[in-house]
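Step one of this worksheet: look at the structure below.
Protein chains: 2
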Amino acid sequence: MVLFRRVLGEALRAARMQRGMTLREVSKEARVSPGYISEIERGTKEASSELLGSLCQALDIPLSVVLREVSSAAALEERALEISTPQIAGRGGDVVASAA
Amino acid sequence: MVLFRRVLGEALRAARMQRGMTLREVSKEARVSPGYISEIERGTKEASSELLGSLCQALDIPLSVVLREVSSAAALEERALEISTPQIAGRGGDVVASAA
Chain C
1 MVLFRRVLGE ALRAARMQRG MTLREVSKEA RVSPGYISEI ERGTKEASSE
51 LLGSLCQALD IPLSVVLREV SSAAALEERA LEISTPQIAG RGGDVVASAA
Chain F
101 MVLFRRVLGE ALRAARMQRG MTLREVSKEA RVSPGYISEI ERGTKEASSE
151 LLGSLCQALD IPLSVVLREV SSAAALEERA LEISTPQIAG RGGDVVASAA
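Going down the list, the protein sequences come from chains C and F.
Position one of the first sequence corresponds to residue 1 (the numbering used here), numbered consecutively onward.
Position one of the second sequence corresponds to residue 101 (the numbering used here), numbered consecutively onward.
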């Protein structure tokens, strides 16, 4: 299962890096402790919708853009998970069995 | 500010309707109470990442697809907010002040 908070954290961290902002700078803008933002970026804490909105404002990035990036990253992970645990494995076995 | 949980709730509800599933059916699949799912759909409760994953599995929709839809809906709301509260209003005021 792809965990939303982990992929979101990576996207928020990437956005902060791209802007060359420190945790402390975002913290000041968003009025949240740097430690809490760090936990969100590492995907260990869930961000409330209000906090997510504040972080987007602090980073000057629309929520829709962050979510688009999270969606793209999640799609890549979903594809990777499909490849590592293919759901058609059972069917493949059946084909071999019926051909024998 | 566009609230993530509200837009997410609307997307989850739309996905459930599209599949013709009742709250009770999703509840059974996702092992969450129907009341809790209803609150998430109405945007009054935040869904943890684990619960969001379970709901996506119960609805048989990838998380990436839900997030893409939430991103599109958020983008529309952001545009509507921009139109109703234009950020250049302040600048216009400055021009008037300096011309006086």
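Note that CB positions come from ideal geometry on N, CA and C, so glycine has one too.
Please read these numbers as outputs of a predicted model, since none were measured by experiment.
Checking contacts by CB at 7 Å: is Val2 (chain C) closer than that to chain B? The structure shown has no chain B; the protein chains it does contain are C and F.
Quick one: grab the DSSP three-state call for Ser48 (chain C). Judged by DSSP in its simplified three-state form, Ser48 (chain C) adopts coil rather than helix or strand.
Secondary structure at Glu9 (chain C), three-state DSSP: helix, strand or coil? In the sequence as presented, Glu is not what sits at residue 9 (chain C); that position holds Gly. Looking at Gly9 (chain C) - three-state DSSP - the assignment turns out to be helix.
If the cut is a Cβ gap below 9 Å, which residues of chain F does Pro62 (chain C) touch? Result: Val102, Ala174, Ala175 and Glu178.
Please return the same chain residues whose Cβ sits closer than 7 Å to the Cβ of Ile161 (chain F), not counting the five positions on each side in sequence. Ala115.
Per-residue contacts from Arg5 (chain C) into chain F (C-beta, under 7 Å): Chain order gives the chain F residues near Arg5 (chain C) as Ser149, where near means a beta carbon separation below 7 Å.
Work out the CA separation of Leu176 (chain F) and Arg105 (chain F) for me, nearest whole Å. Cα-Cα distance, rounded: 16 Å.
Neighbourhood of Glu29 (chain C) by C-beta, 6 Å cutoff - its chain only, sequence neighbours within 5 removed: Exclusion of the five residues before and after Glu29 (chain C) leaves Ala58 as the residues of its chain whose Cβ lies within less than 6 Å of its Cβ.
Starting from Gly135 (chain F), trace the alpha helix (DSSP H) in both directions and tell me its first and last residue. Note, Gly135 (chain F): alpha helix (DSSP H), Pro134 to Glu141.
Quick check: the Cα distance between Glu78 (chain C) and Glu69 (chain C), rounded to an integer number of angstroms? Taking the straight line joining both Cα atoms gives about 14 Å.
Could you work out which residue in C:Glu82, C:Ser84, C:Met1 and C:Ile37 is closest to Ala11 (chain C) when comparing CA atoms only? Out of C:Glu82, C:Ser84, C:Met1 and C:Ile37, C:Ile37 has the C-alpha closest to the C-alpha of Ala11 (chain C).
Within 10 angstroms of its Cβ, does Ile83 (chain C) collect 16 or more other Cβ (buried), or is it exposed? Classification for Ile83 (chain C): exposed.
Assign Glu46 (chain C) to one of two classes, buried (16 or more other C-beta atoms within 10 Å of its C-beta) or exposed (fewer than that). With 16 or more other Cβ atoms within 10 Å, it is buried.
Would you call Leu8 (chain C) buried or exposed, if buried means 16 or more other Cβ atoms sit within 10 Å of its Cβ? Burial of Leu8 (chain C) is indicated by the presence of at least 16 other C-beta atoms within 10 angstroms of its C-beta.
Let's see if you can read the secondary structure: which residues bound the alpha helix (DSSP H) around Ile183 (chain F)? Looking at the DSSP string, the run of the alpha helix (DSSP H) that includes Ile183 (chain F) is Leu163 to Ser184.
Can you list the residues of chain C that Glu146 (chain F) reaches, using a CB-CB cut of under 8 Å? Residues of chain C whose Cβ lies closer than 8 Å to the Cβ of Glu146 (chain F) are, in chain order, Glu46, Ser48 and Ser49.
Leaving out five residues on either side along the sequence, give the residues of the same chain with a beta carbon under 8 Å from the beta carbon of Glu139 (chain F). Result list for Glu139 (chain F): Lys145, in chain order.
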